[in-house]
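Undergrad:
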Amino acid sequence: MRKRSGGSSVFSPLAISGLIGWYDASDYNSLTIDNGRVTEISNRVSGGLPLKSLGTHGTSAPVYDPANTLAGGNPALLWALGEECGLELYHPVLDQAVETPVADMFIVCAYKEGVDADFDGYTRLIADAADHTICQGQPGSNGIRATSTLQRASKNGASFSASLLPLPLSVLRFSAANQGLTDFSVSSFGRKEVSSLSQSWDGPICEVLAFSAPLSPPDIEQVSAYFHSKWGIVMNGL
1 MRKRSGGSSV FSPLAISGLI GWYDASDYNS LTIDNGRVTE ISNRVSGGLP
51 LKSLGTHGTS APVYDPANTL AGGNPALLWA LGEECGLELY HPVLDQAVET
101 PVADMFIVCA YKEGVDADFD GYTRLIADAA DHTICQGQPG SNGIRATSTL
151 QRASKNGASF SASLLPLPLS VLRFSAANQG LTDFSVSSFG RKEVSSLSQS
201 WDGPICEVLA FSAPLSPPDI EQVSAYFHSK WGIVMNGL
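Positions 1 to 238 (full-length UniProt numbering) are the ones given, in order, by the sequence shown.
See below:
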């Protein structure tokens, strides 16, 4: 199968200092696929650690969808309804999941079919290596659970808010500085907690950018324009 692309842009995230993680479903050559599931995705940052499905807490690998409807017919990693999936930051020498400090992070994703106004359960998007929740949806509401490390996100360049839903394909930005933190630890995406009250993410994830230092307003504008061009997402201020 040939590499597909979610769009084209002259700008590359590699141009921004501090980029430590770039995971891109539209870069087919970066994906390891087994029976239709993405078991590993390489980091497009040279020397950066990959994300890998390690089966922790019974989670499996997300499905590779080469033409996801919510992503405008472009590739996505799909966390399907009722499945427990997860990808973890993997250190090949240590042969285990690890975590890394992040100051700014962007995730291109959607929840379910993009129209739900409340979360069905404790739907987790980001976690650290100790299984602490970095960002998780609150069941019966449209927002982030108050016990999450990150309690606010900027959706498509708008002001930071606890409210996320409805969430068609969107760009979520998480900022340590907005929460009064220096950084936050990231180890996994979409993986459920040990607790049975938690569930994996539900919906597509298309791209992740993680930075070790806070971005300047011009850098944020460049990233926003990049996502707008690549995924067709309407960004605030563009």
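Cβ coordinates follow ideal geometry from the N, Cα and C atoms, glycine included.
#1: Express the C-alpha separation of residue 29 and residue 4 in angstroms, rounding to a whole number.
#2: Bridge partners of residue 188, per DSSP?
#3: For residue 55, which of helix, strand or coil comes out of DSSP?
#4: Using beta-carbon positions only, say whether residue 189 and residue 171 come within less than 9 Å of one another.
#5: Between the segment 94-111 and the segment 210-224, can you find at least three pairs of beta-carbon atoms closer than 8 Å?
#6: Spatial neighbours of residue 220 within its chain, please: C-beta separation below 6 Å, excluding the five flanking residues on both sides.
#7: Tell me whether the beta-carbon of residue 99 lies closer than 9 Å to the beta-carbon of residue 61.
#8: Go through its chain and collect everything with a Cβ distance to residue 174's Cβ below 6 Å, but skip five positions before and after it.
#9: Which of the three DSSP states is assigned to residue 102 in this structure?
#10: Would you decide whether residue 202 is buried or exposed? Buried here means 16 or more other CB atoms lie within 10 Å of its CB.
#11: Ignore the nearest five residues each way along the sequence and tell me which others in residue 65's own chain have a CB closer than 6 Å to its CB.
#12: Starting from residue 224, follow the beta strand (DSSP E) in both directions and report where the run begins and ends.
#13: Starting from residue 22, trace the beta strand (DSSP E) both ways and give me its first and last residue.
#14: Going straight from the alpha carbon of residue 165 to that of residue 195, what length do you get?
#15: Spatial neighbours of residue 259 within its chain, please: CB distance less than 7 Å, with the 5 preceding and 5 following residues excluded, ordered by chain position.
#16: Where does residue 73 land, buried or exposed, given buried means 16+ other C-beta within 10 angstroms?
#17: Taking the beta strand (DSSP E) that residue 63 belongs to, which residues open and close that run?
#18: With 16 as the cutoff for other CB atoms within 10 Å, does residue 1 come out buried or exposed?
TA: So, from the listed chains and residues:
#1: With a pLDDT of only 37 at residue 4, under 50, the local geometry of the prediction cannot be trusted, and no value is derived from it.
#2: Under DSSP, residue 188 takes part in a beta bridge, and its partners are 88 and 127.
#3: It is coil, neither helix nor strand.
#4: No; because the gap between Cβ atoms is not below 9 Å, this pair is not in contact.
#5: They touch, by the three-pair rule.
#6: Residues of the same chain with a CB within less than 6 Å of the CB of residue 220, apart from the 5 flanking positions on each side, do not exist.
#7: Between residue 99 and residue 61, the CB-CB gap reaches or exceeds 9 Å.
#8: Excluding the 5 residues flanking it on each side, residue 174 has same chain C-beta neighbours closer than 6 Å at 105, 150 and 153, in chain order.
#9: Here residue 102 sits in strand by DSSP.
#10: Within 10 angstroms of the beta-carbon of residue 202 lie 16 or more other beta-carbons, which makes it buried.
#11: Excluding positions up to five away in sequence, the list reads 76 and 78.
#12: According to the DSSP assignment, residue 224 belongs to no beta strand (DSSP E) but to the alpha helix (DSSP H) extending over 217-231.
#13: In the DSSP annotation of this structure, the continuous segment of the beta strand (DSSP E) that includes residue 22 starts and ends at 19-24.
#14: In this structure, the straight-line span from the alpha carbon of residue 165 to that of residue 195 is close to 24 Å.
#15: Because the chain spans 1 through 238 in this model, residue 259 falls outside it and cannot be assessed.
#16: Burial is judged here by how many other beta carbons sit within 10 angstroms of a residue's own beta carbon; residue 73 has fewer than 16 and is exposed.
#17: Run containing residue 63: 63-68, per the beta strand (DSSP E) assignment.
#18: Reliability of the predicted coordinates at residue 1 is poor, the pLDDT of 27 falling under 50, and the value obtained from them is presented with this limitation in mind. Residue 1 should be labelled exposed.
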